[in-house]
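Here's the structure we're looking at; comments come further down.
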Amino acid sequence: MDLRVAVLPGDGIGPEIMSQGLAVMNAVADKYGHKVECREALCGSSAIEKTGNPFPDDTYNICKEADAVLFAAVGDPKFDNDPTAKVRPEQGLLAMRKKLGLFANIRPIQTFKCLLHKSPLRPELVDGADFVCIRELTGGMYFGEKYQDNDKAYDTNYYTRPEIERILKIGFEYARRRNRHLTVVDKANVLASSRLWRQIAKEMEPLYPDVTVDYMFVDNASMRMIAEPKFFDVMVTENTFGDILTDEGSCISGSMGLLPSASTGESTPVFEPVHGSWPQAKGQNIANPLAQILSVAMMFEYFGLKEEGTLIRKAVDASLDANVRTPEIQVENGMEYGTREVGEWIVDYIRKS
Ligand code: IPM
Ligand code: MN
């Protein structure tokens, strides 16, 4: 297969984990005879510095023309600490999602047997937990009308029927391909937008008679996710709730550095880690590259290249089993591996298998 991939390393640890993601992608492509052509583009803080725009038109065009985007992370504390900053790196990510129409963000929450003890939850609670959060990504408070002055501020949680229908459809279809259990997460006891979500989900239920649907308020869902993570199969929710719940989900896996995601919609799909740019670790070769590497697996799988994805997953499992791990998941007294060394080990495994 010929693939054109837009590569957006972004800020902080982004470039370091991206290098390893690309090395793994190229190793797999070599092995299976795929031709992957990469084009790198600016996004986030580095794009602001060079162009004044966190998602420049050039970057947009490169993404638009590609078959897939590999994205790492954006964000820089010098913007977080300046409430008056007019442009922020995160706007680059949001602009990319909006302009590419990436309304469906697929965030799988999985566990790794050898990392169960890294979860703050009891191992028997998390062992076997395996669910997918489907987060609406181009609507809600992130994109609704905003206002801010010195005395008041608001963000509007705006959703239209077509926006809700298309994301719920993805939720139902995903549930169908898994264990046919869909949990719609909302706050319908308080929010009008949630009531519309719930109404539409109920209207759609008869179209998917094989899927068991339950409705859960987001406060309850956030509790249930850590009290009984195995309850969930597929969860579907609005932008803001999905953002919060998936960070919580990383506690189930044991590290933020393990969670990949795929964002799909109207245009080029984007594959990116759930975690952020961890600026404090920039250049230190300590960030976990696995979320990025697993995002590459999701990319291959998206194009129907199942074996390729499976090989990456096997290599990741093997690296963890061999204790080839970055510091945050290393075993006590174990040797610590850097971002690069973990990536190189995985590439080597792929070449040899
Ligand atoms: C994420 C991130 C982004 C979000 C930020 C960086 C804008 O937290 O992808 O989850 O809130 O969507
Ligand atoms: Mn987030």
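Note that the numbering used here numbers the sequence shown so that position 80 is 860, with each residue one more than the last.
Positions of the beta carbon are idealized from the N, C-alpha and C atoms, including for glycine.
How would you label residue i, buried or exposed, when you count the other beta carbons within 10 angstroms and need 16 or more for buried?
i	result
I1024	exposed
V1076	buried
Q1216	The requested residue 1216 does not occur in the structure, where the chain is confined to residues 781 to 1133.
M1003	exposed
H897	exposed
Q871	buried
G813	exposed
E1018	buried
G1089	buried
T936	exposed
N885	buried
V991	buried
Y938	exposed
L850	buried
L987	exposed
V970	exposed
P1049	buried
E1052	buried
S825	buried
Q928	exposed
Where do the N-terminal and C-terminal ends of the beta strand (DSSP E) with residue i fall, by residue?
i	result
L962	H961 to D966
L783	D782 to G790
V849	A848 to A853
Y934	A933 to D935
K926	K926 to Q928
Along the chain, where does the alpha helix (DSSP H) that runs through residue i open and close?
i	result
G1022	N1019 to S1033
Y812	G794 to Y812
T1119	T1119 to K1132
P942	R941 to R957
P1107	Per DSSP, P1107 belongs to no alpha helix (DSSP H) and is neither H nor E.
D860	P857 to D860
Taking Cβ positions only, does residue i come closer than 8 angstroms to chain C?
i	result
R819	No chain C appears in the structure shown, which is made up of a single protein chain.
Quick one: what's residue i bridged to in DSSP?
i	result
V1014	V912 and L962
P1040	P1053
V816	L783
If I'm right that residue i touches residue j with Cβ under 8 angstroms, what's the distance once you round it to whole angstroms?
i	j	result
I797	A848	Contact doesn't hold; Cβ gap of about 17 angstroms is too wide.
G1022	R941	Incorrect: roughly 19 angstroms between the Cβ atoms, too far for contact.
L822	R877	Not a contact, Cβ separation roughly 17 angstroms.
V808	L1091	6 angstroms
L948	M984	6 angstroms
D994	T1044	Not a contact, Cβ separation roughly 25 angstroms.
R1131	Y1117	Contact doesn't hold; Cβ gap of about 18 angstroms is too wide.
Original post:
Which runs of the beta strand (DSSP E) fall wholly inside the segment 874-918 and span at least 3 residues, in chain order?
Top reply: 884-890 and 910-916
**OP:** Mind listing, in chain order, the continuous beta strand (DSSP E) runs of no fewer than 3 residues lying wholly within the segment 974-1003?
**Re:** Within the segment 974-1003, the complete beta strand (DSSP E) runs of at least 3 residues are 992-997.
Original post:
What alpha helix (DSSP H) runs, 4 residues minimum, are completely inside the segment 1050-1105?
Top reply: 1070-1082 and 1086-1101
Original post:
Of all the alpha helix (DSSP H) runs that stay within the bounds of the segment 818-844, which reach a length of 4 or more residues?
Top reply: 825-831
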